[in-house]
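Protein chains in written order, with the working numbering: chain L, -6 to 302; chain R, 245 to 488. Don't be surprised by glycine CBs; every beta carbon is placed ideally from N, CA and C. These notes concern the structure reproduced below.
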């Protein structure tokens, strides 16, 4: 690592330390907000690791997340809690790899539709299994507190950032930037494009399933319709696009304002949340193409030109 | 002395009912510049695309130093040593000029990574006459310079055989003579090149041998002087501008 890289890592490490102290100081309300933010930071950042460079919009987050919550729901009484996110991540990774192998040959809109359908498919399968066995939902009653959940999510977020940083420096990261620019060229310079995409698609799959496993105790009662709610997938896409996918910090810059805005909307207009969500999405696409990352780039260029002239 | 690098045997390509290439066969020997020429729609680009693995031939065999390429996907032919440029230039717009060339060095036939790949890329940019444009964004390049970047990218994997699909098309007269000199200099350093080309000056001055295609089939093979005086070749081009 060069001195310049160490200089870049230090602010991130400091931010992580500061974030780790939040539960000791925040009120229960703000701890709950911080937990939601940590959850979306993991989901949106890992989503952007794949969708940013490849430009494939995945709506499969809810599918992986739901699988994770059910891992906890089924396993929390028999297994130590720390094992559950690991098992969920493994299952999420396998599911993502299978889905990736089938769908990543599809391009554009077909991929979007398939991933949206996936969450619904998994939900229907789980519901069917429950009906067969006579179950409905499940109670997840544990001694895990909101603070524990927050800290686990924070650790997971640190892992996702580490993975993103390592991929950015790796051949895989470079291959994905080439694929995102021109897939035909990518193949002709020797990149196995299908393998590269499948490998990267497992990362949001693992992360979202682990998040689901960690968050299950927060819901107390889980059932398929809430665990696999498609809204989650859309929220993740919107936050990642609001922040911008071009940089590792982009989704974080989208998650924080969006979580606050979402809280405001659900409190002030509980019946119009979806309408307002749609309007916000349109505004982002029209006013902020490239998200805050794109905006930051434009400001910097302007300052640069102003200073140079 | 001269070894055969590429053998094309009995290659046919059908798109539905249309036969785009019919029973093509030719050899390319090491350090040779082989031209594939013919009127528009005669199947030249289809032939090149089958060699590079963009799509598989319906029948026949394409061997690179004895190893079968027919049916392999493009990333595998690239790793075995086929490098190419595209008829319509394809660059990576979000990457810098140097990164565009590095892209060709990392995953292909002979692989480099990090400082070594970057050094190699910069050297190749000098080689194709773009030493001064290394830091520029792709969008600011002139047309011939985009072609130079693409050529450098194809060279970056040290291919056994280089496919240039109308690399000289669309250049103005000054650029054309620069371009011909550049391809000639590649030949002089011992590269093996297959050239699909319409520009007759380029074919005469660059190619050691040519195959002429018409309606998907080979109608002549030999030195440029031989094939261009062949009555059947003249007939195939009749009605078309011979210097087009």
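{"Check": "CB contact flag (residue 389(R), residue 276(R), <8 Å)", "Outcome": "no"}
{"Check": "Contact belief for residue 395(R) with residue 372(R) at Cβ below 8 Å, rounded distance in angstroms", "Outcome": "5 Å"}
{"Check": "Residue 252(L) in three-state terms, based on DSSP", "Outcome": "helix"}
{"Check": "Extent of the continuous alpha helix (DSSP H) run through residue 200(L)", "Outcome": "186 to 212"}
{"Check": "Per-residue contacts from residue 296(R) into chain L (C-beta, under 7 Å)", "Outcome": "181"}
{"Check": "Residue 246(L) versus residue 236(L): straight-line alpha-carbon distance, rounded", "Outcome": "5 Å"}
{"Check": "7 Å CB neighbourhood of residue 115(L) in its chain, flanking five on each side removed", "Outcome": "56, 59, 60, 221"}
{"Check": "Cβ of residue 168(L) within 8 Å of any chain R Cβ", "Outcome": "yes"}
{"Check": "Buried or exposed by the 16-neighbour rule on C-beta atoms within 10 Å, applied to residue 303(L)", "Outcome": "Nothing in the structure corresponds to residue 303(L), since chain L is present only between -6 and 302."}
{"Check": "Test: residue 381(R) CB closer than 8 Å to a CB of chain L", "Outcome": "no"}
{"Check": "First and last residue of the uninterrupted beta strand (DSSP E) at residue 256(R)", "Outcome": "248 to 259"}
{"Check": "Three-state class that DSSP yields for residue 445(R) in the structure shown", "Outcome": "helix"}
{"Check": "Backbone secondary structure at residue 402(R) - three-state DSSP", "Outcome": "coil"}
{"Check": "Residue span of the alpha helix (DSSP H) that contains residue 371(R), given as start and end", "Outcome": "359 to 371"}
{"Check": "Of the listed residues 230(L), 244(L), 140(L), nearest to residue 274(L) (C-alpha basis)", "Outcome": "230(L)"}
{"Check": "Buried versus exposed, by CB contacts within 10 Å (16 or more), residue 409(R)", "Outcome": "buried"}
{"Check": "8 Å Cβ cutoff, residue 315(R) in contact with chain L", "Outcome": "no"}
{"Check": "Meets three-Cβ-pair contact criterion under 8 Å: the region 346 to 357 of chain R and the region 420 to 436 of chain R", "Outcome": "no"}
{"Check": "Neighbouring residues, chain L, relative to residue 338(R) (Cβ below 8 Å)", "Outcome": "170, 173, 174"}
{"Check": "Environment of residue 70(L) [buried if 16+ CB atoms lie within 10 Å]", "Outcome": "exposed"}
{"Check": "Contacts around residue 132(L), its chain only, beta-carbon distance under 7 Å, and the 5 residues preceding and following it disregarded", "Outcome": "213, 214"}
{"Check": "Own chain partners of residue 518(R) with C-beta closer than 8 Å, once the 5 adjacent residues on each side are dropped", "Outcome": "Shown here, chain R extends from 245 to 488; a query on residue 518(R) therefore has no answer."}
{"Check": "Three-state secondary structure assigned by DSSP to residue 458(R)", "Outcome": "strand"}
{"Check": "Endpoints, beta strand (DSSP E) assigned at residue 270(R)", "Outcome": "262 to 273"}
{"Check": "Neighbour list for residue 177(L) in chain R, Cβ cutoff strictly below 9 Å", "Outcome": "298, 318, 330, 334"}
{"Check": "Sequence-distant residues of the same chain with beta carbon closer than 8 Å to residue 172(L), five excluded per side", "Outcome": "46, 47, 179, 184, 186, 189, 190"}
{"Check": "Proximity of residue 271(R) and residue 461(R) at Cβ, strictly below 8 Å", "Outcome": "no"}
{"Check": "CB of residue 331(R) within 8 Å of CB of residue 377(R), strictly", "Outcome": "no"}
{"Check": "Interface flag, residue 186(L) vs chain R, CB-CB below 8 Å", "Outcome": "yes"}
{"Check": "Boundaries of the alpha helix (DSSP H) in which residue 270(L) is found, first to last residue", "Outcome": "266 to 280"}
{"Check": "Whole-number beta carbon distance between residue 5(L) and residue 143(L), since they are thought to touch under 8 Å", "Outcome": "Actually they do not touch by this definition, with Cβ atoms about 18 Å apart."}
{"Check": "C-alpha distance - residue 263(R) paired with residue 265(L), whole-angstrom precision", "Outcome": "59 Å"}
{"Check": "Alpha carbon of residue 76(L) to alpha carbon of residue 339(R), nearest angstrom", "Outcome": "41 Å"}
{"Check": "CB of residue 193(L) within 8 Å of CB of residue 43(L), strictly", "Outcome": "yes"}
{"Check": "Any C-beta of chain R under 8 Å from that of residue 164(L)", "Outcome": "yes"}
{"Check": "Cβ shell of residue 246(R) (< 8 Å), same chain only, five flanking positions each side left out", "Outcome": "273, 274, 275, 276"}
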